[in-house]
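A short write-up of the structure that comes next.
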Amino acid sequence: MTDQEIQNVLQELRFSSGLSQEDLQKLASISELVELPASTVIFSEGDSATDLYVLLGGRVELCMNVPAKGCLPVLTLGAGDLLGWSPALKIAEMTATATTIKETPAVRFSADELQKLCEEDHDVGYEVMRRIAIALSQRLVATRLQVLDVFADPVTEGQS
Amino acid sequence: MNLTEDGLPETPKQEVFVSRDGFASLFAVLKSRGFQIVGPTIDQDAIVYDQIETVDDLPKGWTDVQQPGLYRLNQRNDDKLFGYNVGPHSWKKYLFPPSVALSQSRKTEDGWEFQEAPDDPPKLAFLGVRACELAAIRIQDRVFVGGDYVDSTYQKRRQRVLIIAVNCTQAAETCFCTSMDTGPRCTVGFDLALTELDEGFLIEASTSEGKAIVEQLVTHEATRQQQQSAELARQHAVDQIKKRMDTTEIRDLLMSNLEHARWDEVASRCLSCTNCTMVCPTCFCSSVDEVSDLAGENVERRRQWDSCFNLEFSYMNGGIVRDSTRSRYRQWMTHKLATWIDQFGTSGCVGCGRCISWCPVGIDLTEEVAAIRKDVS
Amino acid sequence: MTSKASNMTTESRRQSSLWVPQTVVIRKITPEVENVSTYHLAFTDKDAAARYRFKPGQFNMLYLPGVGESAISISGDTQSHATLDHTIRSAGNVTRGLTQLKPGDTLGLRGPFGSSWPMEQCVGRDVLLVTGGIGLPPLRPVIYQLLNGREDYGNLHLLYGARSPGGLLHRNEFDDWQSRGLTIQKTVDRSSLGWRGNVGVVTLLLERLHSFDPSNTVLFCCGPEVMMRFVARTAFDRGMTAEQIWVSTERNMQCAVGLCGHCQLGPQFICKDGPVFRYDQIAPLLTVEGL
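Chains as they are written, first to last, in the working numbering: chain A, 61 to 220; chain B, 16 to 392; chain C, 48 to 338.
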């Protein structure tokens, strides 16, 4: 896959659309398109993983380790979602285990190279960080809705 | 209203005069026409509406003194029969009874059977309806019979009622009908309208039933002097009104200020006691209760007055939507003065002032509106 | 605009008593998920059965004499007149009382009441049905009507969330619906053993949905108010406007005819101006706490 083809893919993604051609080129040069096979662990909780993904399709399950209960699924991700943002923010350890449920095409960035790019070019760095922040804020709102437990039966399961 | 040089309306009313004795015979006339008469009478230091039999039941020579949180009766120095304003009762207690059966359910071998509860209310004559109350009846007409769904309990009573209005000749401190454009003059919505003079009454008949009743009384053509006295008396009521409520764009004023600090302020005083909704002549909230026999095989559904100030009024899904006095006071006031306009085309308030007099802590909704208005302008 | 309740002619609506229920008998009770069952009701009076029509989104007041009434959305096919389906979660006195009944028992029914989902807005458009938990039954009549006339509509999507996999209703119908042209995606807030499906709130499904044209779509949403607000936000992010979204709201209902005052939300009587509203008309009211 050539840089140009990757650039075209990036242009369509919500994560990277709206960036200038120049910036898209820079991102394309540090990324590659991958096809993650089904039922594969991409990274485990606690790993110091090194890659950031933007999913193009498929389904990935995030789970977290709860003693005596196993790895409990907390979220599934699909097309357009960010996966593995911790290294991009220089957070050492992954906070969840990611497993593909189906074949999942994705754009993969090396976290090290992304960090380097952002440090050398603060304009691109600003845009990348801003988009990561937006993606995470949406994830946060979604998580809050999960916590609110809006579908709980108010009588048998409610908190009142 | 345009007045001529000698103080009479340019389009004079078709009024006739009846003496005090003549007026007293009205009671017999009404009874002979099949009406039960309800009107003002004194009970437990207040002028209330109740069934009355003769002119002697009226509060002759009494007046009311009203202020926020205060209602007292004082003796007058004359024998006027209608020398007061409005008390804790309104005519809604007859048209929209506090408790009424709606339907009956009976368990049979084949299951439940349902039917309408029998409802044959008597013909009532309302004696002494003030202009603000005529407006309130019009407002409740719009609610109960003027929409897509007609309430048959109200409709039956409303169709059978005879309305004898009384023009106010004075105003209480809590009255503000002029601000709501509902009085104090009685213009429409009555069968008969009375204006009290020293020596008797001027009567105006507006319907064929009203005219037929007048014909059974001993009446005389009203003299010019009597007409002038009546007009002066009616004007006296207008002049005595001191309380005002500025209703300019009140709907938007309130609905754009739902989080104003004033709601917290009034909530710190409000007891959520529901007095205001009980005395208000237009409040129409109700609840339905089941009344069952011991075996649970004969059940009646009854409608009772309810109030948005009651905590459980907004209960839903294991919780209470309006969980604070603040939220409930805001609901009452914004409904009465603002969203009522969206729902029914007019304000829900007629300016009778009852809610002000009968609030135990003297909350005055005209002041609440003024406070918000002042703060946002 | 939503279609207002207009099943009876003006005359008949004005004349018959608003308060007298019809007798209905329970033909069948289908347990759905924990605490939730569908009651299949039929009028005992043939004339009442023949006259009765409802529109998707409307509700009936089901009456247990001695206990009270409860507002329940009508959940079946508007064209099928054999029984009226009501999917009920046992929550308060009345719905708990219903769980004591068996097929053959009778109760009272008043209705139908309320505004309905604007089916005419769906013609020639993509339709998104976004719901969760017990919010699916009020949309089920919409699904039947869409699938009965499939060629009139564009892409049809059901995005359905639940607290856990056990809370997804009507799963036994999903295969049939999918085969007839409704794409279904499910998600749960919390997973359980064996669940290989989506985990996360239903708004995420809308965020990721691609096979629809935001400029030519209507979205019907039914569920807890918090969910509906965030579904709307996500829809805006995807390029839809408030005029393309309809929601079904809920409040304490007693008379169901706009006369008892209980169900008011601002100027709206949920029982007769709603429960279905176009989002732009109800949105400002949904965000005021304790209104």
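Virtual Cβ for every residue (Gly too), placed ideally from N, Cα, C.
So is K257 of chain B buried or exposed if we call it buried at 16+ other beta carbons inside 10 Å?
It is exposed - the Cβ of K257 of chain B has fewer than 16 other Cβ atoms within 10 Å.
For the stretch 229-247 of chain C, which residues have a CB atom closer than 8 Å to at least one CB atom of chain A, in sequence order?
Taking 8 Å as the Cβ-Cβ cut-off against chain A, the residues of the stretch 229-247 of chain C that qualify are T234, D236, R237, S238, W242, R243, G244, N245, V246, G247.
Does the separation of the CB atoms of G208 of chain C and V235 of chain C fall below 8 Å?
Result yes, Cβ atoms of G208 of chain C and V235 of chain C sit closer than 8 Å.
Could you check whether the Cβ of G337 of chain C sits closer than 8 Å to any Cβ belonging to chain B?
By this cut-off, G337 of chain C is an interface position.
Beta-carbon neighbours of R42 of chain B, restricted to chain C and to distances below 7 Å:
According to the sequence shown, residue 42 of chain B is Phe rather than Arg. Those do not exist, as F42 of chain B stays about 35 Å from chain C at its closest Cβ, beyond 7 Å.
Taking the Cβ atom as the reference point for each residue, do I192 of chain A and L116 of chain A lie within a distance shorter than 8 Å?
Remark: C-beta atoms of I192 of chain A and L116 of chain A do not approach each other more closely than 8 Å.
S162 of chain C and D320 of chain C: beta carbons closer than 8 Å?
Going by C-beta atoms, S162 of chain C is nearer than 8 Å to D320 of chain C.
At what residues does the beta strand (DSSP E) containing L352 of chain B begin and finish?
From DSSP, L352 of chain B is part of no beta strand (DSSP E); its letter is neither H nor E.
What three-state label does DSSP hand F129 of chain B in the structure shown?
Reduced to three states, the DSSP call for F129 of chain B is strand.
Could you check if V294 of chain C is buried or exposed, using at least 16 other CB atoms within 10 Å of its CB as the buried criterion?
V294 of chain C should be labelled buried.
Just to make sure I have the definition right: I need the residues of chain C whose C-beta is within less than 8 Å of the C-beta of C300 of chain B. Which are they?
Those within 8 Å of C300 of chain B in chain C are C307, G308, H309.
Measure the alpha-carbon distance for G76 of chain B versus R91 of chain B and round it to whole angstroms.
Approximately 5 Å between the Cα atoms of the pair.
K351 of chain B burial status per 10 Å Cβ neighbour count (16 or more: buried):
If you draw a 10 Å sphere on the C-beta of K351 of chain B, you find 16 or more other C-beta atoms in it, and that means buried.
Neighbourhood of A289 of chain C by C-beta, 8 Å cutoff - its chain only, sequence neighbours within 5 removed
Within the same chain, A279, F283, R325, Y326, D327, A330 come within 8 Å of A289 of chain C by CB-CB distance, once the 5 residues on both sides are set aside.
Taking C-alpha atoms, which residue in B:D267, B:W106, B:Y86 lies nearest to Q66 of chain B?
Of the listed residues, the one whose Cα sits closest to Q66 of chain B is B:W106.
Which bits of chain C does T136 of chain A rub up against, with CB to CB less than 7 Å?
Going along chain C in sequence order, the residues near T136 of chain A (Cβ under 7 Å) are N245, V246, G247.
Grab me the residues of I181 of chain C's own chain with a C-beta within less than 6 Å of its C-beta, minus the 5 sequence neighbours each way, in chain order.
For I181 of chain C, where only same-chain residues beyond five positions count, the Cβ hits under 6 Å are R136.
Are the C-beta of A118 of chain C and some C-beta of chain A separated by less than 8 Å?
Not one chain A Cβ lies under 8 Å of A118 of chain C.
Along the stretch 157-168 of chain B, where does the CB come closer than 8 Å to a CB of chain C? Name the residues.
Here the close residues are V158, F159, G162, D163, Y164, V165, D166, S167.
Are there 16 or more other CB atoms within 10 angstroms of the CB of K86 of chain A, so buried, or fewer, so exposed?
Buried, by the Cβ-count rule.
Can you pull the chain F residues whose beta carbon is under 7 Å from the beta carbon of G313 of chain C, in chain order?
The structure shown contains no chain F; its protein chains are A, B and C.
Burial state of K95 of chain B, where buried means 16 or more other Cβ atoms lie within 10 Å:
K95 of chain B comes out buried.
If you scan the stretch 299-372 of chain B from start to end, which runs of the alpha helix (DSSP H) of 4 or more residues do you find wholly inside it?
DSSP runs (the alpha helix (DSSP H)) wholly in the stretch 299-372 of chain B: 340-349, 355-359.
At the 8 Å Cβ level, is C323 of chain B part of the contact set with chain C, yes or no?
Cβ-Cβ to chain C under 8 Å: yes for C323 of chain B.
Any beta carbon of chain C sitting closer than 8 Å to that of Y330 of chain B?
Closer than 8 Å to the CB of Y330 of chain B there is at least one CB belonging to chain C.
Mind listing, in chain order, the continuous beta strand (DSSP E) runs of no fewer than 3 residues lying wholly within the stretch 143-203 of chain A?
Within the stretch 143-203 of chain A, the complete beta strand (DSSP E) runs of at least 3 residues are 157-160, 164-170.
Take N202 of chain C and list the residues in its own chain whose beta-carbon comes closer than 6 Å to its own, dropping the five residues that flank it on each side.
In its chain, beyond the 5 residues on either side, D173, S258, F259 have a beta carbon closer than 6 Å to the beta carbon of N202 of chain C.
Within chain B, partners of K93 of chain C - CB distance below 9 Å:
Contact note: K93 of chain C does not reach chain B at a C-beta cutoff of 9 Å; the least C-beta distance is about 14 Å.
Are the C-beta atoms of V69 of chain A and some chain C residue less than 8 Å apart?
For V69 of chain A, the answer is no, since every Cβ of chain C falls outside 8 Å of its Cβ.
Residue environment, V176 of chain B, which counts as buried when at least 16 other CB atoms sit within 10 Å:
In the assembly as shown, V176 of chain B is a buried residue. Its beta-carbon has 16 or more other beta-carbons within 10 Å.
Where the beta strand (DSSP E) through G155 of chain C begins and ends
Element bounds for G155 of chain C: 153-160.
Euclidean distance between Cα positions of F50 of chain B and F111 of chain B:
If you take the alpha carbons of F50 of chain B and F111 of chain B, they lie about 18 Å apart.
Roughly how many angstroms separate the alpha carbons of S307 of chain B and D132 of chain C, rounded to a whole number?
Take the alpha-carbon of S307 of chain B and the one of D132 of chain C: they are about 28 Å apart.
Closer than 8 Å to chain A by CB, F277 of chain C
Yes, because at least one Cβ of chain A sits closer than 8 Å to the Cβ of F277 of chain C.
So what does DSSP say about N125 of chain A, is it helix, strand or coil?
The answer is strand: DSSP assigns N125 of chain A an E or B state.
Got a sec: does the ligand ATP put a non-hydrogen atom nearer than 7 Å to the Cβ of I356 of chain B?
Absence of the ligand ATP is noted for the structure shown, with no ligands found whatsoever.
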